[in-house]
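Residue numbers (full-length UniProt numbering): 1 to 465. The beta carbon of each residue, even a glycine, is placed where N, CA and C say it ideally should be. In this text, all values refer to a predicted model and were calculated from it rather than measured experimentally. Here is the structure we will look at.
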Amino acid sequence: SLTTVSQGESKEQLNLLRKHLLALTKTEPQLQSIKERVLDTVTHETTVVEVLQLWQRVFRETFQQYHRLSVRLVHSEDVSAALRLWQEYLSHVQEFLSNQVPGDYNGLSEHRNLCEVHKNLLTDQQHLILSIRAEKGRDLSVAEQFNALTNLHNETLSKIMDRHASVRCRLSAWDEYREAQSRLLTWLKETEREKSRLQLRFIHLRRLDRIIANIEGIIEKLPTGESQVDRLAEQQEALLSGCDEALAVSIRMEHAANVTRINNLRASLETWRDFVLRIRALSAKHADQTAKIVKTFEDVSQIVSTAFHATPSSLQQAKEQLESLSQLRSRLNLASTDLEALGITNDQLRECLSPTDMKSLNQHVSLLWQQHGDLEHQLALLAYRLGERVGLRGKWEKRLSRFLIWLTDAEIRVHSCDSGLEEPEDALKRLEGELHAEMAIKQRELDWLQEIGEELIDVTEGEEQ
């Protein structure tokens, strides 16, 4: 125990306890870091926390032992030993202050703790030395040595406090950087998760506007992440100025990876936005092409239907209708070209849209082609009817000409029947039999000529009658 420690051993024990304090100080940041990682990953893990609590108890006990040994040494009447120990410790602190301040977070945490230990030891030792000075101040040589060490002590304590404040500022900057980086990583994770929920593998036409709005909404959030990256870059400039090169390279690479993630996120979103905008443009083009074709079919269908149910009042009107059919045929030919263009647009959409939407579009295009074929067939039938009606007069004139030729031939045969070698009565009977059979046939021809002739008179205008 401390009460059995000899005076010669007290100085060695003080040095040993001081080393223990400094060693314990170096382990604290490591334990704290392990504790943070454990608490982040395992909620109910208590082992590391218990170890950290044990470390804190050992540190307090060691510091208390150091204080008790210092007091014992001071009151042992060995003033020269106490002053020599004081001077050795001040030299040790001066050597500590001559070392460069670490640049990494753990090194700074360790350095801060060492500054705190030195500050506490210096402050505690200062109180003890002041009590010795009050008791031994009458000795001139001791007083001079006290004054010199006191000045060095105050100077060292001031430097330690300045160093401690500087290190705390650096650590505060590191904490701010780590918090900012954590916020950036959280923002990146949430933004990438939001992008993954867009469901862009198969796009439904009814969701186009919503998808575009969602993509643009995410793009509008990107400046938030980009500004965070810029602020982190500014913080890095100050943090990495005195940092180890390997650590600086690692931090810069980590920062560059975050910048790349944001750039890739923006590029991906803008690509998808352009892609979906192209789909919307193709969809609008498809709708316009379809509307144009449907309008053409409606016009042609209405004209053909009206022409089928209305007989031309004159041959001239029939000719005009027949000529107008060529215009309808031209419109159907153009509609065929439009249908082919619609098919190209349909093929372009096939690569992007959902199977359900493509099935609907394909069925609609097939129906349009079928409607186009039906209209062409109706147009051909109407053209045939009008062509027959326009050519009816020529047909009537040809059949009339053949009938008149037969009639003239019959008259010639009647007049010349008595000029033959046969008896007149026999010739007349033979001719009557021939003409009777022919007239039975020609009567139907005459009826057709009369019926069609009357119809032609009704539909013929002016001098043509």
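Proximity to residue i [Cα-Cα], best of the options
i	options	result
L239	P102, I441, Q378	P102
W174	Q235, P355, N264, W86	Q235
R206	F403, L446, I279, Q145	I279
L90	S109, Q125, K395	Q125
F146	A82, R430, I262	A82
L269	E220, G107, N154, G343	E220
I251	A437, Y105, V167, L208	Y105
D338	Q289, R84, K395, N264	Q289
residue 536	L208, F403, L435, E144	In the structure as shown, the chain begins at 1 and stops at 465. Residue 536 is therefore absent and cannot be evaluated.
A380	E323, M358, L200, K395	E323
R163	E88, G242, Q100, L404	Q100
K119	G107, M253, N154	N154
C243	G373, L171, Q302	L171
G373	K395, S301, Q450, S360	S301
Contact under 7 Å by Cβ, residue i with residue j
i	j	result
Q371	F297	yes
R266	L222	yes
Q348	L277	no
K285	T345	yes
residue 466	L353	For residue 466 there is no data in the structure shown, the boundaries of the chain being 1 and 465.
I262	G217	no
L114	K159	no
L382	V304	yes
W86	L149	yes
I293	A341	no
L184	Q228	yes
L200	N214	no
T186	V93	no
Outcome for residue i when other beta-carbon atoms lying within 10 angstroms are tallied against a minimum of 16
i	result
H44	Confidence at H44 is low in this model, with a pLDDT of 42, below 50, so its placement is unreliable and the value that follows should be read with caution. Exposed, by the Cβ-count rule.
L375	buried
C169	exposed
L39	Its pLDDT being 45, under 50, L39 is placed unreliably by the model, and the measurement read from it follows with that caveat. Burial call: exposed.
V365	buried
L446	exposed
T123	exposed
S109	buried
Y384	exposed
T271	exposed
R112	buried
T306	exposed
R350	exposed
T260	exposed
H436	exposed
L404	exposed
V117	buried
V249	exposed
Counterpart residues of residue i in DSSP-defined beta bridges
i	result
I203	L353
Min CB distance residue i to chain D below 7 Å
i	result
V294	You won't find chain D in this structure, because it holds only one protein chain.
Residue i: CB within 6 Å of a non-hydrogen atom of the ligand HEM
i	result
K189	Only the bare structure without any ligand can be found here, which leaves the ligand HEM out of the picture.
Kindly confirm or deny that the stretch 323-330 and the stretch 164-182 touch, where touching means at least three C-beta pairs closer than 8 Å.
In the pairwise beta carbon analysis, the stretch 323-330 is classified as not touching the stretch 164-182: fewer than three pairs are separated by under 8 Å.
With contact counted as at least three CB pairs below 8 Å, one residue from each stretch, are the stretch 436-443 and the stretch 403-412 in contact?
yes
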